[in-house]
Every structure is written in structure tokens, then in C-alpha cells.
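Data block below; observations after.
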Amino acid sequence: MVCMSLQGPAETAGRFMNQQQLRLPSRAFDEVSKTWPELDHLVIVPGHAIQWCTEVGRNVNDERCWYLLDYQRGQVGSFLEHIKRAALIAKKPTTLLVFSGGQTRSGMGPRSEGQSYFAVAERLGLLAGTVFDRTVTEEFARDSLENLLFSLCRFRQITGKLPAKVTVIGFPFKARRFIDLHRQAAQIDIQDFEYVSIPSHDDGTVQDAYEDFRTDLFGCGEKLARKRAARNPYHQKHGYSESCPELRSLLTKCPLCSEGLIQDNLSSSLHREVADEETKRHMLDILKRFSQLDVEHGMALEAETSSLGFLGELTPEEVDGLSLDELVSRIGPEALSRFEDDLKNNPKFTEAALQEWRPWWLPLLSVQDSTTKLDQSAVPDVLEELPPLSNLTSERPPEMLWNNLVELLYLYIYFSRLYSGELMPHAVDIVTAFLSLSRVLSSQQFTHASVIHAIRSAEASVAMDSEMYLSTETKTMLLEDLLRILSNTGYLLPALGDLQRVFEKAGKVRKSTFFPAKKIYFYNVWLNDEIENDCELVDTITVSMKALITGYIESLECRQAWGRLRCWRRYSIPRLSRPSLAARESRAESRILNKPEKSPNIRLVNAGRDANMIDLEPEPGTRLVVEAIDTPGYGDDISHKVQ
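Residue numbers for the sequence shown follow my numbering, so the first one is 103 and each next one is one higher.
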């Protein structure tokens, strides 16, 4: 065993940061620090893989129990040596042992590298006595720099202070990276830092990371950010900037909001071809699907529309040689007319059109490695030179605008899929339909009561149009699209900007779109202001919205599989009375589609299953409305007239 020690006399934790950057710990962490006031030595074991075998009899040294990349074959023994060496050092009573590593593999679910190492150490009996109490995990790190910075924050969370000494256990090829670069980035004095190197197989591709970090100390550039994104398939976000204020300036070196765009782009590998070529191939794919549906559903082609049959006979070379005009001429006017009629009137064909096109917010190919080259041109541009919100209004808009934003995004997604992303050529038709479906744009002052209310309102509006069709599968697909956009802060403004440009183009022909376009512009300015001024709040709000939408998706799937009545109990709050199914459906539809009554309402938005327990004394003549619409799943208003 080789020990590359740079240990010297440890002084105080103040050496980690400039004194001007130190802040007093919060009361919560003061209480925690009383538990371990004597701890001053941090021992870090960076994770390299995830162990998934849980059977007691399984050997932790068995490679079949680990999720390994190709270059990691044969290194499980080294992982165990890292753990054993760290546990030995951690016997000193002033030491805190941290196993660091996030949920880096999509096939492993919520298992993290830190959890895996802790479980192995426990099964090997290495955490005896107080070592067990002084061992914790850090489950957000995605690379070696984050292993160091985030472990420092975990020490701060546990003790209320920064450590006086840091020891890292790892491979030889990472020694220079930690000592020369990561230690410098974390502002740790060299005499307070120790790297314990345990020999193992060396891998040249991993050593290249030294040069990457040498030119990009905090990993904010595209290459290292891409690697981090690929190692964060579950879009985990830490809160260390709040719980570790001494390191906040280091943790925020890379812009938080821009990371969202990198995260989704790099984990999805978005791709789009040249517009004309994409249009031609997409049209072929759609027509082939329609032809296949004719066969599957016994709808034989008429003689005058049999020209669709040539589609399956075209070779790729013949397709490349056809222009879009030549393709249309080969199909013939009769077949195109039938194609349009089926798309308009037959739900099966509408489903095919919605599902065939791949939107810009979804991946075309899964990422195989961290060096996948990306094409970000598919993402629409954000509107340029958006002014501060204070230029448009002196009042702070209510947070309920987020509910309205959900409706706009939902309908944007629907029309994007319906028109296969070709929004600008059909701007007038899209805007006309959009205004007929959107309660936000069709009224001057309207605010949805909740996220689920906004979604159900949009779904009901679409369902009323006989030319449109939404099955449970399509509803789920649209909601998953909505989740994808909400999961990425960097996709919100591109989506709104794209919608704004569609309305502006339609406005050149249809003057009645002027005010709706202005309203969408306001949402662009408002959202941009929210992201710039309080990005973390935006993340918090979108996470809450995603949780509600996920629950709503689960309720749709439950009702499809088990029936509405059976799932009604599971996904709704207790009712004051249980009306018939027909009455509940009628009332829900009426609530969404009809204008509210003129009598004043006191609206209680349910936050859980105890909404009926709210103590309120309304004025006589007031209509009391208790809504379950924020509870994931099927919820209806329960109204009682106050006498």
C-alpha cells in the first residue's frame, strides 16, 4: 500500500476558506454540532460503482453483484481495500467517515454509490463500535471534485463546522488530480490534506480527467458538465449551498439554472436533421403507419387511394432521391384527401400522428457513454432582450401564475405533437384552436386554482372538440412530456418563446391575436425574472408541480387498469357525501367548463386527506367549496350552501 501523505500540523477549519467568507452556522446545525463536538478529521471514500446484491449469503467480492463499466472489471477487490483502509483510519474517535457517491446508474434505481459502500462495510463487519455512529453517506456527488466538496458539506452538516484535516482514499491515478487540483478548488491548505493511494489497475481514459480539470477547475465547461449529467439519470439536486454556507461560493461556481439545460440535453442526446429532409422522412413514416393501420383494422384501401402502397416498396436510396413535391405527386390527391379525412375523424389515426413525431424535449437515442456528441439546435431559442418584470408591472404576480403556465405548456405540447413540430406553417390554424381551448388566453383575468385543475381544464377543452381525441395513453404521453419540460428549468423559456413566435406570426393575419400574444409575452418576462432572481425557488416549485402531475398520471393509469370507482378511494380525499358516479362526472365537467356562479366563493385548496377538517366560519350566503384537485388523482368539488 502506498500512502501519498501531505499531512502536517492541523490548525483550524478557517484555513479552508477566507475569513470573510465564514458565516455563523444555523441554529439547526448548532444543535447537531453538540452531538459530535470533538470531530475534526474527515475521511472520504469516493465511490466508483454500485453494489446491488442484498442476499446475506452473496459474496460482496462477486463482480456479478456490482454494476461495472468495462474498464472497471477486476477492480472490485480495490473497492473493498478502499473501504477497509478507511474503516481502519476511522477508528480514531475524532474521525468522521463519509462514503461519497450519487445515484449514477439509471439501471440501478435509487441505489447510490455511497449507500453501496456503506452496505459493504457493514456486511464485512468493518463498522464496529463507535465507527458505525461516525459513518455517514453522501449521495449527490457525480465526480471526484464533488466527492471532496460535498463530503466537506456533509461534515459541516453533522458537526456544524469544517474539518481541520481531510483524508481521501482512492486510486493512484487520481492522486495528482486531488492533490493539485481539487484541493486547490476547495481551498484546503496542503498541510491539512492527505491522499491514501491503493494500487490497482490503471486506466488511461480516466487519467485524461486531470487535464480536463486543470483547464476547468470547477467542471463548469461542456465536457465535464456532460459527464456529470450522464451520471445523474434521476436529476438529483443537493441543498448544500444552504446547509454549508462557508462553501456556498464554491458550490455555485457553475450557474444552477443553466445546469438544468445541460442536464437534460446531455442525458437525452437530442437530435434533429435538416428541416426539408426531416419533413420528407416524417411524412413517409406517418403515411406508412396509416397504411399499416389500414391493414391492422381491416380497412382495405380503395382503388383510387391505392397509391399509398408504393411506400413500403421504396428503398432508402429512392427516398433520398425524391423531393417533397415529388413525394406528394407520387401519392396522389385522392390518397392525400383520404389521409386528411382519417386524420381528422378517426381516433386511431390521430393517435398515430401524435405518437410518431419525436419532440425536441425528448431523447432520440439513449446515451451510451459520456462522450456522446450533442446537437442543441433542436431546442427553440429564448426570446431576446426580455426586460425586467418591473418594466411591465409594479406588483408582484401571484404564485398561482404557475398553474396558468401549466395550461399553456400542456396545450403547446399537444399542438406540437398534433402538427409534428411544424407550428409556424400552420400558425393561424393553431392559434385559432389554441384560443378556443385556453381559458388563460381567452379571458382577461383568469387563474387556475391548482396544477391539476389546469391540466383537467385543458383535457376537457380538447375532449369537447369532436375533431380531437385523447385516449388515456395519449393523456399520459402528454403529461410525461409536461414532466420532461418541468424537469428542466432550461426548457421552460424555450417552450414559451416558441409559442410566442407562433402567435406573433398569426398576428400578421389575424389581428385578434394581439392581446393573447401580449399575455404570452408577459409570461415570458415573468418566468425569466423568476429564474434570474430566485432560481432555487423555481426549482422548488417545479419539483412540487412534478409530484402532483406524477400522482395524476398514476391515477389515470389506475383508473384504466382497475376502474374509476376502485381508484376513486385511493386517489381522492374523504368526501362529505358520496354522490353517484354520473353526478360526480357531471359536476366535475360543469366545474371545469362552465362559468362560476355569481355568489362569492371561499375556496379551500386541499393539501392532503384532511381537507374536510378545516375550521372556517363563512359569512351567510357564501358558497363554501372544498377542492380535492391538488390531491393526485380523481377529485371533485364538494359544495355546501351556508345557511
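Backbone N, C-alpha and C fix where the C-beta goes; we use that ideal spot for every residue, glycine too.
Inset, instruction - Look at I798 and L539 and say whether their C-beta atoms are less than 8 Å apart. - result: Only positions 103 to 745 of the chain appear in this structure, which leaves residue 798 out of reach.
Legend entry - Between the CA atoms of L198 and V238 - distance to the nearest angstrom: 8 Å
Legend entry - Best match in F617, R207, S559 for proximity to S508 [C-alpha to C-alpha]: For clarity, residue 508 is Val in the given sequence; the question names Ser instead. The shortest C-alpha separation from V508 is found at S559.
Legend entry - Proximity of G204 and Y169 at Cβ, strictly below 8 Å: no
Legend entry - Euclidean distance between Cα positions of F201 and E313: 26 Å
Legend entry - Cβ pair A529, A649 closer than 8 Å: no
Inset, instruction - Decide if the region 169 to 182 is in contact with the region 247 to 255; the criterion is three or more beta carbon pairs, one per stretch, under 8 Å apart. - result: no
Legend entry - C-beta contact flag for H43 and I271 at 8 Å: Residue 43 lies beyond the stretch modelled for the chain, which goes from 103 to 745, so this question has no answer here.
Legend entry - Distance CB(L543)-CB(I651) smaller than 8 Å: no
Inset, instruction - Starting from the Cα of V268, find the closest Cα among K329, L144, L598 and give me that residue. - result: L144
Inset, instruction - List in chain order: all unbroken alpha helix (DSSP H) runs of 4+ residues lying wholly within the region 175 to 263. - result: 178 to 191, 215 to 225, 232 to 235, 246 to 261
Inset, instruction - State buried or exposed for L581, treating a residue as buried only when at least 16 other CB atoms are found within 10 Å of its CB. - result: buried
Inset, instruction - Can you tell me which of E224, R285, A311 puts its alpha carbon nearest to the alpha carbon of K325? - result: A311
Legend entry - Option nearest T591 by Cα separation, candidates I633, T578, E561: I633
Legend entry - Touching by the beta-carbon criterion (3+ pairs, under 8 Å), the region 215 to 222 and the region 335 to 348: no
Legend entry - Proximity to L264 [Cα-Cα], best of D318, Y654, D294: D294
Legend entry - Exposure of F273, with buried meaning 16 or more beta-carbon neighbours within 10 Å: buried
Legend entry - Rounded C-alpha distance that separates E241 from F536: 44 Å
Inset, instruction - Could you work out which residue in N506, Q602, P618, N630 is closest to M647 when comparing CA atoms only? - result: N506
Legend entry - DSSP-derived helix/strand/coil call for T269: strand
Legend entry - Paired residues, beta bridge with H143 - DSSP: T197, K267
Inset, instruction - Rank Y654, E486, F605, A189 by C-alpha distance to the C-alpha of F234 and give the top, closest one. - result: A189
Inset, instruction - Figure out for me which residue from L503, P301, K577 has the closest Cα to the Cα of I515. - result: K577
Inset, instruction - Could you give the DSSP three-state label for F275: helix, strand or coil? - result: helix
Inset, instruction - Assign Y297 to buried or exposed, taking buried as 16 or more other Cβ atoms, counted over all protein chains shown, within 10 Å of its Cβ. - result: buried
Inset, instruction - Buried or exposed for N367, please, with buried defined as at least 16 other CB atoms from any protein chain shown within 10 angstroms of its CB. - result: With a pLDDT of only 44 at N367, under the threshold of 50, the placement of this residue in the model should not be trusted; the figure read from the coordinates follows. When all chains shown are included, N367 counts as buried.
Legend entry - Presumed contact (8 Å Cβ cut-off) between R187 and I300, rounded CB distance: 6 Å
Inset, instruction - Identify every residue that forms a DSSP beta bridge with I152. - result: Y169
Inset, instruction - Using the Cα positions of W462 and V162, report the straight-line distance between them to the nearest angstrom. - result: 43 Å
Inset, instruction - Within its chain, find whatever has a CB closer than 8 Å to the CB of I587; leave out the 5 residues flanking it on each side and keep chain order. - result: W463, L511, I515, Y593, L594, A597
Inset, instruction - Pick helix, strand or coil for D583, following the three-state DSSP scheme. - result: helix
Legend entry - Where S538 sits in the DSSP three-state scheme: helix
Legend entry - P618 - containing alpha helix (DSSP H), residue span: 616 to 635
Inset, instruction - Under 8 Å by Cβ, that's how I've got I152 and R213 pegged, so tell me the actual separation to the nearest angstrom. - result: 5 Å
Inset, instruction - Express the C-alpha separation of V147 and F517 in angstroms, rounding to a whole number. - result: 50 Å
Legend entry - Reduced DSSP secondary structure (H/G/I, E/B, other) of A551: coil
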